[in-house]
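Chains A and B, in that order, are what the protein sequence lines are.
Residues in the first sequence are numbered from 7 upward in steps of one, following our numbering.
Residues in the second sequence are numbered from 7 upward in steps of one, following our numbering.
All C-beta atoms, glycine included, are put in the ideal place defined by N, C-alpha and C.
Protein chains: 2
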Amino acid sequence: MPTTKGTATRNRILDAAVDALVRGGRGAVNLDHVLAATRTSKGQLFHYFPGGKQELIRVATARQLERLAEEATVVLDSFDAWNRWVDGIVRLHRLQTRSDACEMAAVAGRVLDPDPEERTLVGASLRSWHRHMAEGIRTMRDTGQLRADADPAELAALFLAALEGGAVVDKATGSLDYLEPALRAALAHLRSFAAPALPSRETAGPSAAS
Amino acid sequence: MPTTKGTATRNRILDAAVDALVRGGRGAVNLDHVLAATRTSKGQLFHYFPGGKQELIRVATARQLERLAEEATVVLDSFDAWNRWVDGIVRLHRLQTRSDACEMAAVAGRVLDPDPEERTLVGASLRSWHRHMAEGIRTMRDTGQLRADADPAELAALFLAALEGGAVVDKATGSLDYLEPALRAALAHLRSFAAPALPSRETAGPSAAS
DNA sequence: TCGCTCATGGACTGTCAAGTCCAGAATCGG
DNA sequence: CCGATTCTGGACTTGACAGTCCATGAGCGA
Chain A
7 MPTTKGTATR NRILDAAVDA LVRGGRGAVN LDHVLAATRT SKGQLFHYFP GGKQELIRVA
67 TARQLERLAE EATVVLDSFD AWNRWVDGIV RLHRLQTRSD ACEMAAVAGR VLDPDPEERT
127 LVGASLRSWH RHMAEGIRTM RDTGQLRADA DPAELAALFL AALEGGAVVD KATGSLDYLE
187 PALRAALAHL RSFAAPALPS RETAGPSAAS
Chain B
7 MPTTKGTATR NRILDAAVDA LVRGGRGAVN LDHVLAATRT SKGQLFHYFP GGKQELIRVA
67 TARQLERLAE EATVVLDSFD AWNRWVDGIV RLHRLQTRSD ACEMAAVAGR VLDPDPEERT
127 LVGASLRSWH RHMAEGIRTM RDTGQLRADA DPAELAALFL AALEGGAVVD KATGSLDYLE
187 PALRAALAHL RSFAAPALPS RETAGPSAAS
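Structural data, given as structure tokens:
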């Protein structure tokens, strides 16, 4: 039913909303500003989002989470994959911090929003990232890369918390001093569960003996 | 210059502001609500906070951070102290989650606030917690409880990020499934740096003899 | 008791932003 | 070319809330 031109307009509005959302959370979303930034009008906004601001924000939040989730689709079932993942996060974080628009911190900043539906949305996303990470770690354990006493849920919780917490602290301090060290430390912790090489061997390396 | 009664009123207003702040961030602070909750009036609020809402929020933020910092004043220079600290945090977190007013998550939620002064305030607090934690860890290393390759700054960053991140994720998911595991994992990581007992000895146990 | 300063109440104003409404332009199928 | 539908612009209404103003009350020293 909607025209090509129509969906384009809708998307422009949505993009502007996501942008505002990432920069300053719900409080930063001002319909008039969105309209000005996209050269559209009240009529259009309410035409495409009859539910008004609430609907716009919900849809924009969903879109942002979706985009962010794509970063996490890498399968994390080897030390190499984890290393690359951390490197990627750190690189992305550096870029986004430069432009004062860190998406990870933005997610964290939403926990105080008044709309419960949004918190649910954010919560579901976080849970799914956790599940995804735990999955990879479980695979590593089952394939003998990690010792049997490695707890996938706990390790995944550490990574997730380090990610969100590191982003928050970096954002609050305006520095890059916390996320990367936290993730590196989490990685080191994961490595400390590395299964010893084949039974008969005695390689030293960074891993702890049981 | 201010009367006893006067400061009492001021404090009531401030407490209500802190409460709102913890529950929903800056957006949840509504002067009329604060007044209603404290049975005071516009005249009083602007009498004690001539700078209006902005001043009220800054002062309230500072007070909240101060209160929270008191939790962190414990010296963290032994495995025992760290264990107790984590236990304390977890206990507090459980209580606060029950009443839907988690202070740690509230701090995180402030990173998107528009007033740069407030972000600075929050950032300074986080930095000081980090310094405090790193201090304790350094002591542990220097007194031989930790191996020389333990990096105090990195380990402290892990704890700080796990704390903030865990609180955020728990708040977003409405669960208690992330903060505690993350902190326990961080603790386990710290323990993995435990210095071997004195050369001749062979004690196992989680705590190191000095 | 007077008069000063601090404390209090609440009506009033101004602004900002969300949401409504409708008229007119563009687009499209027939 | 025309009627229907979608798209667009912007004036208008409404409500919420920060901030102002002033009149009154209460405590206290001289």
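Neighbourhood of GLN111/B by C-beta, 6 Å cutoff - its chain only, sequence neighbours within 5 removed: For the purposes of this step, residue 111/B is taken as the residue at position 105 of the second sequence. One detail in the question is off: residue 111/B reads as Ala in this sequence, not Gln. Within the same chain, ALA111/B has close Cβ partners ALA173, VAL174, LYS177.
As assigned by DSSP and simplified to three states, the class of LEU182/A: Numbered from 1 along the first sequence, position 176 holds the residue referred to as residue 182/A. It is coil, neither helix nor strand.
Environment of LEU101/B [buried if 16+ CB atoms lie within 10 Å]: Position 95 of the second sequence, counted from the first residue, corresponds to residue 101/B. Exposed, because fewer than 16 other Cβ atoms sit within 10 Å of the Cβ of LEU101/B.
One or two residues paired with LEU152/A in a DSSP bridge: For the purposes of this step, residue 152/A is identified with residue 146 of the first sequence, where counting begins at 1. ALA200/A.
Alpha-carbon to alpha-carbon, ALA78/B and MET139/B: Residue numbering aside, residue 139/B sits at position 133 when the second sequence is read from its first letter. Residue numbering aside, residue 78/B sits at position 72 when the second sequence is read from its first letter. In a straight line, the C-alpha of MET139/B is about 9 Å away from that of ALA78/B.
Min CB distance ALA210/A to chain B below 9 Å: Position 204 of the first sequence, counting from 1, holds the residue named residue 210/A. Interpretation of ALA210/A is limited by its pLDDT of 43, a score under 50 that renders its predicted location unreliable; the figure taken from the coordinates is listed afterwards. With 9 Å as the cut-off, ALA210/A does not count as an interface residue toward chain B.
Delimiting residues of the alpha helix (DSSP H) encompassing ARG64/A: Working through the first sequence from its first residue, we reach residue 64/A at position 58. Residues 58-77.
Pair within 9 Å by beta-carbon distance, LEU185/A and ALA168/A: The residue you call residue 185/A lines up with position 179 of the first sequence. The residue you call residue 168/A lines up with position 162 of the first sequence. Yes, they are a contact pair.
Whole-angstrom distance between SER134/A and ALA75/A, CA atom to CA atom: The residue labelled residue 75/A in the question sits at position 69 within the first sequence. The residue labelled residue 134/A in the question sits at position 128 within the first sequence. Near 9 Å, if we compare the C-alpha coordinates of SER134/A and ALA75/A.
Beta carbon proximity, SER198/B to chain A, threshold 9 Å: Taking the second sequence and counting its residues from 1, the one referred to as residue 198/B is at position 192. Yes, its Cβ sits closer than 9 Å to a Cβ of chain A.
Straight-line Cα distance separating SER84/A from ARG190/A: Within the first sequence, numbered from 1, the residue matching residue 190/A stands at position 184. Within the first sequence, numbered from 1, the residue matching residue 84/A stands at position 78. Their backbone Cα atoms lie some 16 Å apart in a straight line.
Separation of GLY30/B from LEU164/B, as counted between CA atoms: Locating residue 164/B in the second sequence gives position 158, counting from the first residue. Locating residue 30/B in the second sequence gives position 24, counting from the first residue. In a straight line, the C-alpha of LEU164/B is about 26 Å away from that of GLY30/B.
Cα-Cα separation, HIS277/B to LEU71/A: The structure shown does not extend to residue 277/B, since chain B is modelled only from 7 through 216, so no value can be given for it.
Contacts that LYS177/B makes with chain A (C-beta to C-beta distance below 7 Å): Along the second sequence, read from residue 1 onward, the residue named residue 177/B stands at position 171. Within 7 Å Cβ-Cβ: VAL117.
Anticipated Cβ contact below 8 Å, THR13/B with THR46/B, distance rounded: Your numbering for residue 13/B matches position 7 in the second sequence. Your numbering for residue 46/B matches position 40 in the second sequence. Incorrect: roughly 13 Å between the Cβ atoms, too far for contact.
Nearest-angstrom beta carbon gap, VAL40/A and LEU27/A [assumed within contact, 8 Å]: Translated into positions along the first sequence, residue 27/A becomes position 21. Translated into positions along the first sequence, residue 40/A becomes position 34. Contact doesn't hold; Cβ gap of about 10 Å is too wide.
Between the CA atoms of THR44/B and THR67/B - distance to the nearest angstrom: Within the second sequence, residue 67/B is the residue found at index 61, counting from 1. Within the second sequence, residue 44/B is the residue found at index 38, counting from 1. Rounded to whole angstroms, THR67/B to THR44/B spans 18 Å at the Cα level.
Contact list for SER192/A against chain B, beta-carbon separation under 7 Å: Indexing the first sequence from 1 puts residue 192/A at position 186. Position check: residue 192/A holds Ala in this sequence, whereas Ser was assumed. Per Cβ cutoff of 7 Å: LEU164.
Helix, strand or coil at MET7/B [DSSP, three-state]: On the second sequence, residue 7/B is found 1 positions in, with the first residue counted as 1. In this structure, MET7/B counts as coil in the three-state DSSP scheme.
Buried or exposed (CB count within 10 angstroms, at least 16 for buried), SER216/B: Residue mapping note: residue 216/B aligns to position 210 of the second sequence, counting from 1. Interpretation of SER216/B is limited by its pLDDT of 38, a score under 50 that renders its predicted location unreliable; no figure is taken from the coordinates.
Per-residue contacts from GLY94/A into chain B (C-beta, under 9 Å): Residue 94/A sits at position 88 when you count from the first residue of the first sequence. Residues of chain B passing the Cβ test: none, with the nearest at roughly 18 Å.
Selected residue, minimal CA-CA separation from ILE19/B, among GLY58/B, LEU127/B, VAL113/B: Here residue 19/B refers to the residue found at position 13 of the second sequence. Out of GLY58/B, LEU127/B, VAL113/B, GLY58/B has the C-alpha closest to the C-alpha of ILE19/B.
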